[in-house]
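First up is the structure itself, then whatever we jot down about it.
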Amino acid sequence: MADVALFSQPIQMDYMSNTQGVTPSEQFEPFSEQLFSRIHRQTTRFIVTDHDLRNTTNKIIAALDSLGCTWILNHIKCITAQARDTHNQMIDFKIHMYCPKNGKILIDIRRSRGDGLEFKRIMNKLRTKITELIPNAI
Numbered sequence: 855m856a857d858v859a860l861f862s863q864p865i866q867m868d869y870m871s872n873t874q875g876v877t878p879s880e881q882f883e884p885f886s887e888q889l890f891s892r893i894h895r896q897t898t899r900f901i902v903t904d905h906d907l908r909n910t911t912n913k914i915i916a917a918l919d920s921l922g923c924t925w926i927l928n929h930i931k932c933i934t935a936q937a938r939d940t941h942n943q944m945i946d947f948k949i950h951m952y953c954p955k956n957g958k959i960l961i962d963i964r965r966s967r968g969d970g971l972e973f974k975r976i977m978n979k980l981r982t983k984i985t986e987l988i989p990n991a992i
């Protein structure tokens, strides 16, 4: 049990379906197109393979630089970043790195201000830049 990582999101795809507003007949149709479209995936929180916090921080900063984001290193475990979306509006987000006792690093990225859809677009680009850190990256 010492190697178990706990998340606030469900760990299996079946548990991620949002069934609010779904009729009872839709609930029992496995993988119906309408139900499958309601599946939510948390893409802003992941565990990285690199166990060196400073190296992970440097790789994230390099990825932010390549995306044209401005950033401030508040602490070795916290980066505040800003980016411009396609409408030239600012999107602020924070990147926190947690180091539980199992030696792995959990990266959590949260939007502070700006459009959520544009944040997802930037987040996906950032995730692509640091794919080598993420095991089983999609």
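Anchor point for the sequence shown: position 123 equals 977 in this note's numbering, and the numbering is continuous, going up by one each time. By construction, the Cβ of each residue, glycine as well, lies at the ideal position given by its N, Cα and C atoms. In this text, all values refer to a predicted model and were calculated from it rather than measured experimentally.
What do you get for Arg981, buried or exposed, if any count of 16 or more other CB atoms within 10 angstroms of its CB means buried? Translated into positions along the sequence shown, residue 981 becomes position 127. By the 10 Å Cβ count, Arg981 comes out buried.
Asp946 versus Pro989 - alpha carbon distance: For the purposes of this step, residue 946 is taken as residue 92 along the sequence shown, with counting starting at 1. For the purposes of this step, residue 989 is taken as residue 135 along the sequence shown, with counting starting at 1. One C-alpha to the other measures close to 26 angstroms.
Of the residues Ala937, Ile933, Gly922, the one placed nearest Tyr952, counting alpha carbons only: Stepping through the sequence shown from its first residue, residue 952 is reached at position 98. The residue with the shortest Cα to Cα distance from Tyr952 is Ile933.
Which residue spans inside the segment 937 to 983 form an unbroken beta strand (DSSP E) run of at least 3? 944 to 952, 959 to 967
Using CA coordinates, which residue listed in Asp939, Ala917, Leu987, Thr985 is at the minimum distance from Arg975? By one-based count along the sequence shown, residue 975 stands at place 121. It is Asp939.
Is it true that the CB of His950 sits closer than 8 angstroms to the CB of Asp962? By one-based count along the sequence shown, residue 962 stands at place 108. By one-based count along the sequence shown, residue 950 stands at place 96. Cβ atoms of Asp962 and His950: closer than 8 angstroms.
Let's see if you can read the secondary structure: which residues bound the alpha helix (DSSP H) around Thr910? Taking the sequence shown and counting its residues from 1, one reaches residue 910 at position 56. That run of the alpha helix (DSSP H) goes 907 to 920.
Of all the options Thr985, Thr903, Leu971, Arg899, which has the alpha carbon lying nearest to the alpha carbon of Ala941? In the sequence shown, residue 941 corresponds to position 87, counting from 1. Checking the displayed sequence, the identity of residue 941 turns out to be His instead of Ala. Closest option to His941, Cα to Cα, is Leu971.
Just the C-alpha distance for Arg965 and Lys948, rounded to the nearest angstrom, thanks. By 1-based counting over the sequence shown, the position of residue 965 is 111. By 1-based counting over the sequence shown, the position of residue 948 is 94. Arg965 and Lys948: Cα-Cα distance of roughly 7 angstroms.
Taking Cβ to Cβ, would you say Val902 is nearer than 8 angstroms to Thr911? For the purposes of this step, residue 902 is taken as the residue at position 48 of the sequence shown. For the purposes of this step, residue 911 is taken as the residue at position 57 of the sequence shown. Not a contact, by the Cβ cut-off of 8 angstroms.
Could you check what DSSP says for Gly875 in three-state terms: helix, strand or coil? Counting from one through the sequence shown, the residue named residue 875 turns up at place 21. The pLDDT assigned to Gly875 is 48, lower than 50, so where the model puts this residue is not dependable, and the model offers no usable value.
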